[in-house]
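What follows is a set of notes on a single structure, which appears directly below.
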Amino acid sequence: MQSKLRVYNTLNRELEEFQPLHPPFVGMYVCGPTVYSEVHIGNVRTFTSFDLIYRYLLHLGYKVRYVRNITDVGHLLDDTSEDKISKKARLENIEPMEVVQRYTVDFHNTMATFNALPPSIEPTATGHLIEQIEFIQKIMDQGLAYESNGSVYFDVKKYSESENYGALSGRNVDELLANTRSLDGQTDKRHPADFALWKKAEPQHIMKWNSPWSLGFPGWHLECSVMSTKYLGKQFDIHGGGMDLKFPHHECEIAQNKAGLQEDSVKYWLHTNMLTFNGRKMAKSEGTGVTPKQMLTGDHDLLTQAYDAMTIRFFMLQAHYRSTLDFSNEALQAAEKGLKRLLIAIDDLNNLSASDSSSLNVAEMREKLYGAMNDDFNSPIAIAHLFEVVKWVNLIKEGKESLTSEDLDTLKSIVNHFVFDIFGLKDEQSGGDDNKVDDLMQFILEIRQDAKAEKNYNLSDQIRDRLNDIGFTIKDGKEGTTYTVS
RNA sequence: GGUCUCGUGGCCGAGUGGCUAGGCAGAGCUCUGCAAAAGCUUGUACAGCGGUUCGAAUCCGCUCGAGACCUCCA
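Counting in the numbering used here, the first sequence runs from 2 upward without gaps.
See the structure below:
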């Protein structure tokens, strides 16, 4: 490979050459979901983006430890003392941990449907309360957090005297400190910009634990600081998440790590962009979320049909992870057809016959594909190149272009790596699980061929139509008839 | 209000100083018993107005429009 991987680091807003701290090992932490309801398709996009990144790093030969958390501590909702998980538990009259379990399983199933590889470690916030309490103590030892009425807050003002709080999200500390909007009743904080490390629980709060300060629960930002460094070390390579987490979540994480560990833990901050729906961010809290299940069944007012998981995955990969992606039926249908064409071509590629010479430059194609992915995981460009390969395959099939067996093998290998290993697509149509179906189809096609030879087109068309109804599309090519299963 | 991002042909979406992105849809042609598929050709897009430049979709300014974050959020 000629070009080197470059990634866009949110920290300095530049493309940087990717150099792991301890090659060949790579540590990657991604903020996972809060499991109080089904994830929506926008959440799926984020995790699919990081799945692409994970898969590509693996493909490059890195030993990646991929940590993605499950937030199972409910964090506060509005001004009430109730949190999302408890609220759901109350509404459904079940235990909070029952809510957590249900939606954790659902999340796993969903991501499996979209063919995302599971992370290496998937730690939960509730499983790391001792570590979180210890971490708070470390920050307090540095004098950068204070207890107030049973809660513990991070002292942003003091921290910012020596550190640049707000650097990641491009915020001005003075403005943050000056901003006092809508903070009634927050008298426990010395300053509105301070954030909770530990919150004392109200009596009716269900999820609460003992700590040196009160019966309460940890602040939202803390779990990521704790679990990332526990499993990846005080310093690690990649921290990822959705752009909406830049502030305050990731900003707070940076501050906590610096305060508690005296380290800037993260080398590369990667942020994925939002999936929009009619130009608006998809968000659970605004009711604009479409769930994966609705996508897969088409059961939603704005969907004109169902889409399968691979179509959606392909659709997502056709946009760069740092761009917003707008969602529409037309675009999804285009992706559906494009993917189908790509997969058929790959199938054909594996059955092409070699020539004595090559009329196409496979080595160059290889460079173009890697070049695209090395440029901050630019999957849309790589896909554009793959469609060039699709054209090649069809031309070779027609005898208009040629490849030697060596080039052919190389091309097959590259294409299969990119489409299946790196992009994580699956060819769900050619299940290939049952050779008997294929034998049967060959038999039927022979009968039809005989009919055609006798110019009995009534019969041959009848066979084709019936097979089409059943779900087999018949194509009469130059070197015989083929079929695809729809 | 503050900070920031974006505005590309019918739709989605790359690109970012001069050279075809790509997919889908459309049109024409070839192939074909028909169909499907495939191939070839084609549309001449960069919100608007100024400026910089030999040259700008790409840089600068302004205007209009959209969105994100500032509160839980992937």
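Just so you know, even glycine gets a beta-carbon here, dropped at the ideal spot from N, CA and C. Just so we're clear, the structure is a prediction, and the values are computed from it rather than from any experiment.
What is the C-beta distance between residue i and residue j, in whole angstroms, given that I count them as a contact (C-beta under 8 Å)?
{"i": "K64", "j": "F115", "result": "About 24 Å; that fails the 8 Å criterion."}
{"i": "V157", "j": "D195", "result": "5 Å"}
{"i": "T312", "j": "E337", "result": "4 Å"}
{"i": "L262", "j": "K231", "result": "At roughly 11 Å, the Cβ-Cβ gap does not stay under 8 Å, so L262 and K231 are not in contact."}
{"i": "K413", "j": "N351", "result": "6 Å"}
{"i": "L353", "j": "V291", "result": "Going by Cβ atoms, the distance from L353 to V291 rounds to 40 Å, so no, they are not a contact pair."}
{"i": "I71", "j": "E123", "result": "6 Å"}
{"i": "L387", "j": "L343", "result": "6 Å"}
{"i": "T47", "j": "G243", "result": "5 Å"}
{"i": "V267", "j": "F237", "result": "7 Å"}
{"i": "L370", "j": "A383", "result": "5 Å"}
{"i": "I137", "j": "V153", "result": "6 Å"}
{"i": "F424", "j": "S461", "result": "Not really, about 38 Å apart at Cβ, beyond 8 Å."}
{"i": "L223", "j": "Q143", "result": "Between Q143 and L223 the Cβ distance is about 15 Å, and since that is not below 8 Å, they are no contact."}
{"i": "D52", "j": "A117", "result": "4 Å"}
For residue i, which of helix, strand or coil comes out of DSSP?
{"i": "Y484", "result": "strand"}
{"i": "Y232", "result": "helix"}
{"i": "S183", "result": "Per-residue confidence for S183 stands at a pLDDT of 45, beneath the threshold of 50, marking its modelled position as unreliable; the derived number appears in the next sentence. Residue state, collapsed to three classes: coil."}
{"i": "A197", "result": "strand"}
{"i": "I471", "result": "helix"}
{"i": "M208", "result": "coil"}
{"i": "P120", "result": "coil"}
{"i": "R465", "result": "helix"}
{"i": "Y30", "result": "strand"}
{"i": "N10", "result": "strand"}
{"i": "S149", "result": "strand"}
{"i": "H23", "result": "strand"}
{"i": "F155", "result": "strand"}
{"i": "L178", "result": "helix"}
{"i": "E135", "result": "helix"}
{"i": "G478", "result": "strand"}
{"i": "G171", "result": "coil"}
{"i": "D451", "result": "helix"}
{"i": "D327", "result": "strand"}
{"i": "E15", "result": "strand"}
{"i": "T305", "result": "coil"}
{"i": "F424", "result": "coil"}
Return the residue from the list the options that minimises the CA-CA distance to residue i.
{"i": "S161", "options": "M311, E252 and Q306", "result": "E252"}
{"i": "H76", "options": "A197, S170 and E39", "result": "A197"}
{"i": "L303", "options": "L318, Q450, E331 and N150", "result": "E331"}
{"i": "K392", "options": "A373, F424, M366 and A126", "result": "M366"}
{"i": "A168", "options": "D73, C225, I71 and P249", "result": "P249"}
{"i": "M296", "options": "F218, Q463 and H41", "result": "H41"}
{"i": "M317", "options": "V45, G33 and I448", "result": "V45"}
{"i": "D107", "options": "S360, T325, W199 and E39", "result": "E39"}
{"i": "R14", "options": "W270, G481, G339 and L460", "result": "W270"}
{"i": "G62", "options": "L6, H240, D327 and D410", "result": "L6"}
{"i": "V420", "options": "L361, I345, A202 and E83", "result": "I345"}
{"i": "S360", "options": "W221, V390, L326 and L404", "result": "L404"}
{"i": "P21", "options": "A373, I239 and S329", "result": "I239"}
In whole angstroms, give me the CA-to-CA distance for residue i and residue j.
{"i": "L12", "j": "G171", "result": "9 Å"}
{"i": "K437", "j": "L276", "result": "42 Å"}
{"i": "N211", "j": "K88", "result": "21 Å"}
{"i": "K85", "j": "V100", "result": "10 Å"}
{"i": "M499", "j": "D349", "result": "An answer regarding residue 499 cannot be provided, because it is not within the stretch 2 to 487 covered by the chain."}
{"i": "E135", "j": "V36", "result": "25 Å"}
{"i": "N469", "j": "Q334", "result": "20 Å"}
{"i": "T125", "j": "D376", "result": "33 Å"}
{"i": "E17", "j": "Q443", "result": "54 Å"}
{"i": "H272", "j": "L216", "result": "35 Å"}
{"i": "F315", "j": "K200", "result": "42 Å"}
{"i": "R182", "j": "L340", "result": "Low per-residue confidence applies at R182: pLDDT is 49, beneath 50, and the placement is therefore not dependable enough to give any value."}
{"i": "G241", "j": "D357", "result": "48 Å"}
{"i": "E407", "j": "G220", "result": "58 Å"}
{"i": "L92", "j": "V68", "result": "32 Å"}
{"i": "D309", "j": "N362", "result": "34 Å"}
{"i": "S4", "j": "E83", "result": "52 Å"}
{"i": "I471", "j": "Y458", "result": "20 Å"}
{"i": "E164", "j": "A260", "result": "9 Å"}
{"i": "T289", "j": "L246", "result": "18 Å"}
{"i": "L426", "j": "A452", "result": "38 Å"}
{"i": "R465", "j": "Q319", "result": "34 Å"}
{"i": "H301", "j": "G43", "result": "15 Å"}
{"i": "D227", "j": "F378", "result": "With the sequence shown as reference, residue 227 is identified as Val, and Asp is not the correct amino acid for it. Between V227 and F378, the C-alpha separation is close to 28 Å."}
*Mind pulling the alpha helix (DSSP H) runs of 4 or more residues that sit fully within the region 33-107?*
Those alpha helix (DSSP H) runs which fall completely within the region 33-107 and span 4+ residues are 42-60 and 85-93.
*Note down, one range per segment and in chain order, each alpha helix (DSSP H) of at least 4 residues found wholly within the region 329-415.*
Entirely contained in the region 329-415, the alpha helix (DSSP H) runs reaching 4 residues are, in chain order, 330-350, 363-375 and 380-398.
*If you scan the region 214-302 from start to end, which runs of the alpha helix (DSSP H) of 4 or more residues do you find wholly inside it?*
The region 214-302 contains, as complete alpha helix (DSSP H) runs of 4+ residues, the segments 223-233, 252-262 and 293-298 (chain order).
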